[in-house]
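Now the structure itself:
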């Protein structure tokens, strides 16, 4: 398919903050709590792509069912191509339902690429893992991933499978992730990753620091990349005024992931980072990222972002960068 490679925005001179935040935000303005209409969210994304802070911006997140709606906004897309998309797949409760839906998803993406040839590139899919595969054996997971590969290989998609962050995670995640890692090692045309939901519209939707730490360390130990979504509008852990409960911060999560790699942190140490609500405990220099007395060199942080902690979906791009300005970091 003759769709050109995207050209990432220029990142400011190398340093800890830049290594941590380069292309970290997948803009999800269509989704709550923003819930913007497409004719507002897409121009927002175009405007952010032209801003001085575009180096922090990655993809536009859109459900598969909304791809056809983009035909009415071709002028916006054509203003600065290629626009890069993360597509939310349909999913299914079991393997068969999932794969049937995936066949339709792929056909829609192929038609989308054909209609906007040279202007768009969908290179990521996010979709819930079928519940039937939670706790399944390695052979069953591998067979499922091979069936996924057969459908998406020609698109070159990276598929992030969303898995619940719950009390079962410590037992369900390791075999799943090790099967995913083994699958990735023998294929060049597709890769698979782990998606974690770090927030939501009610308190019960926000996973504990213990659950988030378990997911991050399981991905680190298996060698599988993750992306996050929801609740990460602000750099540092804080109490949400509406929900009245603590929300995770992207410094905590992504900085913690880098420190966990560099220092081989255990769960208790990572939980301490995830639960820290003092922005002064996070420091950035031209050479590293630091939390308290732990630091990670900028090049190691960049590698962690590339291989482990890839990005997070946010319905706001303004809130994260406004907070960074308030902290004197932009």
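In this note's numbering, the protein residues as written are 2 to 331. Here a beta-carbon is modelled for each residue, glycine too, at the ideal position from N, C-alpha and C.
Compare the Cα-Cα distances from residue i to each of the options and report the closest residue.
i	options	result
residue 70	110, 48 and 104	110
residue 204	104, 231 and 193	231
residue 88	114, 124 and 119	124
residue 75	224, 120 and 141	120
residue 128	151, 138, 161 and 297	161
residue 244	29, 22, 20 and 34	34
residue 43	81, 57 and 22	81
residue 270	256, 281 and 280	256
residue 316	26, 253 and 292	26
residue 267	20, 215 and 150	215
residue 67	58, 56, 39 and 57	39
residue 32	224, 318 and 159	318
residue 227	314, 297, 287 and 276	314
residue 108	155, 148, 262 and 131	155
Put residue i into one of helix, strand or coil per three-state DSSP.
i	result
residue 167	coil
residue 18	helix
residue 28	strand
residue 81	coil
residue 274	helix
residue 122	strand
residue 91	coil
residue 33	coil
residue 291	strand
residue 132	helix
residue 38	coil
residue 149	helix
residue 280	helix
residue 137	coil
residue 218	helix
residue 156	helix
residue 58	strand
Any C-beta of chain D sitting closer than 9 angstroms to the C-beta of residue i?
i	result
residue 309	No chain D appears in the structure shown, which is made up of a single protein chain.
If you draw a straight line from the C-alpha of residue i to the C-alpha of residue j, how long is it?
i	j	result
residue 145	residue 96	7 angstroms
residue 24	residue 179	27 angstroms
residue 221	residue 260	11 angstroms
residue 115	residue 52	29 angstroms
residue 217	residue 258	7 angstroms
residue 264	residue 294	12 angstroms
residue 326	residue 320	10 angstroms
residue 103	residue 92	7 angstroms
residue 153	residue 48	31 angstroms
residue 139	residue 73	44 angstroms
residue 117	residue 65	15 angstroms
residue 45	residue 194	28 angstroms
residue 209	residue 41	33 angstroms
residue 137	residue 177	8 angstroms
residue 18	residue 286	7 angstroms
From the DSSP output, read off the bridge partner residues of residue i.
i	result
residue 248	239
residue 64	89
residue 194	161
residue 314	27 and 230
residue 127	89 and 161
residue 332	Only positions 2 to 331 of the chain appear in the structure, and residue 332 is not among them; the question remains open.
residue 71	Beta-bridge pairing links residue 71 to no other residue.
residue 298	289
### Query
Given 8 angstroms as the limit, is there contact between the stretch 238-250 and the stretch 300-307, that is, 3 or more CB pairs closer than that?
Judged by pairs of C-beta atoms under 8 angstroms, the stretch 238-250 does not touch the stretch 300-307, as fewer than three such pairs exist.
### Query
Would you call the stretch 196-213 and the stretch 166-173 in contact, with 3 or more CB pairs under 8 angstroms?
These segments touch.
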